[in-house]
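S.K.: Have a look at this one.
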Amino acid sequence: MSCPRIEVDLGKIRRNTQTLVGCLGPRGIRVTGVTKAVCGHPAIAQAMLDGGASGLADARISNVQRLRAAGMTGSITLIRTPMLSQADQVAQSCEASYNTEILVISALAAAAIRNSSVHGIILMVEMGDQRDGILPENLADITQQVMQMPGLALKGIGTNFACLNGLAPTALQLAAFCDLANEIEGVCGPFLKIVSGGGSTNLPWALGKHATGRVNDLRLGEAILLGVEPVSGDQIGGMHTDAFTLVAEVIETDAKPPPSPVALIDPIPERLRIEPTSGASKRMILAMGHQDTDILGLSMPVGSTLIGATSDHLVIGTSRPMPTVGSEVRFQMNYNALMHAMAAPDIKVKLLGVPPTTPSRHTQGKSDHLALV
Ligand SMILES: *Cc1c(COP(=O)(O)O)cnc(C)c1O
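Right under this line is the structure:
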């Protein structure tokens, strides 16, 4: 079988989505499935929808186009503020987009009119992450401008936490965000259909004891895909953390003595070298390297240690019986490793788990081809 490859258990992704939808639904919060870490892979997106996600979102228009090309007709939102140069593509393939710049918003309005459509706008508000977003004091003004533009429909507001600064949101920040939703409706008059509270880092808040106020949507990627809460890295109760497995092939085995200390001196930090510990004196080399994934984001198999990696080689020490050349070694990935591996041209994606619903003839034909993409 093709190596290196990612094996994806679609059933686990579907069940992770179901678990989150089941917990958040009673609190009035819908789940938008975020597909950017899997480059908009259509079957993975479908598993999210099958698990009850109310729509899909991605940060890149190329990923949205991939979903559309595979026959996805449901709602897809662009969650990174669009590039001015891509306004037409965004209006053509996305129901709505998150926005922070009035120049881009007016370009989207013009593009929607050219496309004879209405493009949904969700205004991204900066509540402390210090990445993208409109400052709360400017929100009312921009809201009014959006409402006056033909070709657009103001859908709601959103915010983002723990992306740049890595800090989990506080209940106080989210309460302030909910107040903003009420204020905007009071001042400008629109009903905000979507009040999107953030991503997977918001789950401890959303599943906590207190009321979740106006927030009625979360955009979830990592929690669905990896079953963990991003800030702590902890498993979320009842969720699968092993929906994805990276498999690489052994191309050399030896019992070379541990490298001499001189060999360890390497001025280039990327050419990482970690001395084997725990008596892992036998080494194997796998056909996979920095070009394929974030090596530091891999969990090593039991009894193995990472010795080092280069662009195309992964050197592992093991205290276990040495696998033979040609055998396969399996790794779990963190979010960074997953994101890089899914985008790597030499890594194939192998889908496991039969979808629960019978796909239409159209998507069925497609999915035969999509088994390895
Ligand atoms: C990536 C992203 C998300 C999803 O984040 P996860 O931590 O994967 O849940 C949500 N919103 C925005 C704007 C994003 O860029």
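First residue of the sequence shown: -10, per my numbering; consecutive thereafter.
Yeah, the Cβ is synthetic: ideal placement off N, Cα and C, and Gly gets one too.
Since the model is a prediction, treat every value here as computed from it, not as a measurement.
#1: Give the single residue among ALA34, VAL135 and ALA42 whose Cα lies nearest to the Cα of MET113.
#2: Taking all protein chains shown into account, do 16 or more other C-beta atoms lie within 10 angstroms of the C-beta of GLU126, making it buried, or fewer, making it exposed?
#3: By DSSP, does LEU45 sit in helix, in strand, or in coil?
#4: Going by C-alpha distance, which of ALA232, VAL53 and MET311 is nearest GLY0?
#5: So does LEU209 have its beta carbon nearer than 6 Å to some heavy atom of ligand 1?
#6: What does DSSP give as the partner residues of PHE166 in its beta bridges?
#7: Is it buried or exposed for LEU92, if we count other Cβ within 10 angstroms and need 16 for buried?
#8: For GLY63, collect the residues of the same chain with a Cβ closer than 8 Å to its Cβ; drop the 5 residues on either side in sequence, then sort them by chain order.
#9: Between which two residues does the alpha helix (DSSP H) carrying HIS329 extend?
#10: From what residue to what residue does the beta strand (DSSP E) around ASN88 run?
#11: Threshold first: 3 residues or longer. Then list the beta strand (DSSP E) segments lying entirely within the stretch 288 to 321, N to C.
#12: Under DSSP, the beta strand (DSSP E) around GLY379 begins and ends at which residues?
#13: Which of the three DSSP states, helix, strand or coil, is assigned to GLY222?
#14: Hey, out of TRP194, LEU295, LEU215 and GLN78, whose CA is closest to LEU207's CA?
#15: Rounded to the nearest angstrom, what separates PRO(-7) and ALA160 at their Cα positions?
#16: Just the Cα atoms here: how many angstroms apart are VAL10 and ALA36?
#17: Within the same chain, show all residues whose beta-carbon is closer than 6 Å to that of ILE240, passing over the 5 residues directly before and after it, in chain order.
#18: Is the closest heavy atom of ligand 1 to the C-beta of GLY292 under 6 Å?
#19: Between PRO71 and ligand 1, is there a pair consisting of the residue's CB and a ligand heavy atom that are separated by less than 6 Å?
#20: Answer yes or no: do THR190 and ARG16 have a C-beta to C-beta separation smaller than 7 Å?
#21: Using 8 Å as the Cβ pair cut-off and three pairs as the minimum, do the stretch 310 to 328 and the stretch 278 to 287 touch?
#22: Would the stretch 141 to 152 count as touching the stretch 100 to 114 if we require 3 or more Cβ pairs under 8 Å?
#23: Give me the residue from MET(-10), LEU141 and ASP(-2) with the minimum Cα distance to THR364.
#24: Hey, how far is the Cα of LEU214 from the Cα of ASN5?
#25: Compare the beta carbon distance of GLY210 and ALA26 with 7 Å and say whether it is the shorter of the two.
#26: Kindly list the residues whose CB is nearer than 7 Å to the CB of LEU124, restricted to its own chain and excluding five residues on each side of it in sequence; keep chain order.
#27: Among ARG203, ALA42, GLY175 and ASN104, which one has its Cα closest to the Cα of ALA165?
#28: Are the beta-carbon atoms belonging to CYS28 and VAL53 less than 7 Å from one another?
#29: So, helix, strand or coil for ASP77, using DSSP?
#30: Within a Cβ cutoff of 7 Å, which residues of the same chain sit near ALA96, ignoring the five residues on either side of it in sequence?
#31: Would you report the Cα separation of ASP223 and LEU287, rounded to the nearest angstrom?
M.R.: Well, looking at it:
#1: For the purposes of this step, residue 113 is identified with residue 124 of the sequence shown, where counting begins at 1. For the residues ALA34, VAL135 and ALA42, the minimum Cα distance to MET113 belongs to VAL135.
#2: Here residue 126 refers to the residue found at position 137 when the sequence shown is read from its first residue. GLU126 comes out exposed.
#3: Here residue 45 corresponds to residue number 56 of the sequence shown, with the count starting at 1. Residue state, collapsed to three classes: strand.
#4: For the purposes of this step, residue 0 is identified with residue 11 of the sequence shown, where counting begins at 1. GLY0 has its Cα closest to that of ALA232, out of ALA232, VAL53 and MET311.
#5: The residue you call residue 209 lines up with position 220 of the sequence shown. Yes, the Cβ of LEU209 comes within 6 Å of a heavy atom of ligand 1.
#6: Indexing the sequence shown from 1 puts residue 166 at position 177. DSSP output for PHE166 lists no bridge partner at all.
#7: Counting from 1 along the sequence shown, the entry for residue 92 is found at position 103. So LEU92 ends up on the exposed side.
#8: Here residue 63 refers to the residue found at position 74 when the sequence shown is read from its first residue. Once the five neighbours on either side are set aside, the close Cβ partners of GLY63 are LEU38, GLY44 and LEU45.
#9: In the sequence shown, the residue the question calls residue 329 occupies position 340. Counting along the chain, the alpha helix (DSSP H) containing HIS329 begins and ends at 324 to 332.
#10: Taking the first residue of the sequence shown as 1, we reach residue 88 at position 99. Counting along the chain, the beta strand (DSSP E) containing ASN88 begins and ends at 85 to 88.
#11: 293 to 298 and 303 to 307
#12: No answer is possible for residue 379: the residues shown for the chain start at -10 and end at 362.
#13: Taking the first residue of the sequence shown as 1, we reach residue 222 at position 233. GLY222 carries a coil assignment under DSSP once its states are collapsed to helix, strand and coil.
#14: Along the sequence shown, read from residue 1 onward, the residue named residue 207 stands at position 218. Of the listed residues, the one whose Cα sits closest to LEU207 is TRP194.
#15: Indexing the sequence shown from 1 puts residue -7 at position 4. Indexing the sequence shown from 1 puts residue 160 at position 171. Rounded to whole angstroms, PRO(-7) to ALA160 spans 43 Å at the Cα level.
#16: Taking the first residue of the sequence shown as 1, we reach residue 10 at position 21. Taking the first residue of the sequence shown as 1, we reach residue 36 at position 47. The straight-line gap from Cα to Cα measures roughly 13 Å.
#17: Here residue 240 is taken as the residue at index 251 of the sequence shown, counted from 1. Closer than 6 Å at the Cβ level, and outside the excluded window around ILE240, lie ILE274 and ALA276.
#18: Residue mapping note: residue 292 aligns to position 303 of the sequence shown, counting from 1. No, Cβ of GLY292 sits at least 6 Å from all heavy atoms of ligand 1.
#19: What you label residue 71 is simply residue 82 of the sequence shown in a count that begins at 1. No, ligand 1 has no heavy atom inside 6 Å of this Cβ.
#20: Here residue 190 is taken as the residue at index 201 of the sequence shown, counted from 1. Here residue 16 is taken as the residue at index 27 of the sequence shown, counted from 1. Cβ atoms of THR190 and ARG16: not closer than 7 Å.
#21: yes
#22: yes
#23: Absent from the structure is residue 364, since the part of the chain shown begins at -10 and ends at 362.
#24: Residue 214 sits at position 225 when you count from the first residue of the sequence shown. Residue 5 sits at position 16 when you count from the first residue of the sequence shown. Per the coordinates, the alpha-carbon of LEU214 lies some 8 Å from the alpha-carbon of ASN5.
#25: For the purposes of this step, residue 210 is identified with residue 221 of the sequence shown, where counting begins at 1. For the purposes of this step, residue 26 is identified with residue 37 of the sequence shown, where counting begins at 1. Going by C-beta atoms, GLY210 is nearer than 7 Å to ALA26.
#26: Locating residue 124 in the sequence shown gives position 135, counting from the first residue. Only GLU115 meet the Cβ criterion.
#27: If you number the sequence shown from 1, residue 165 lands on position 176. Checked all of ARG203, ALA42, GLY175 and ASN104; the closest Cα to ALA165 is ARG203.
#28: Residue numbering aside, residue 28 sits at position 39 when the sequence shown is read from its first letter. Residue numbering aside, residue 53 sits at position 64 when the sequence shown is read from its first letter. The answer is no: Cβ separation not under 7 Å.
#29: Position 88 of the sequence shown, counting from 1, holds the residue named residue 77. Helix.
#30: Along the sequence shown, one-based indexing puts residue 96 at 107. Annotation for ALA96: LEU73 and ALA76 place their beta carbon closer than 7 Å to its own, counting only its chain and skipping 5 residues before and after.
#31: By one-based count along the sequence shown, residue 223 stands at place 234. By one-based count along the sequence shown, residue 287 stands at place 298. Straight-line Cα distance between these residues: approximately 16 Å.
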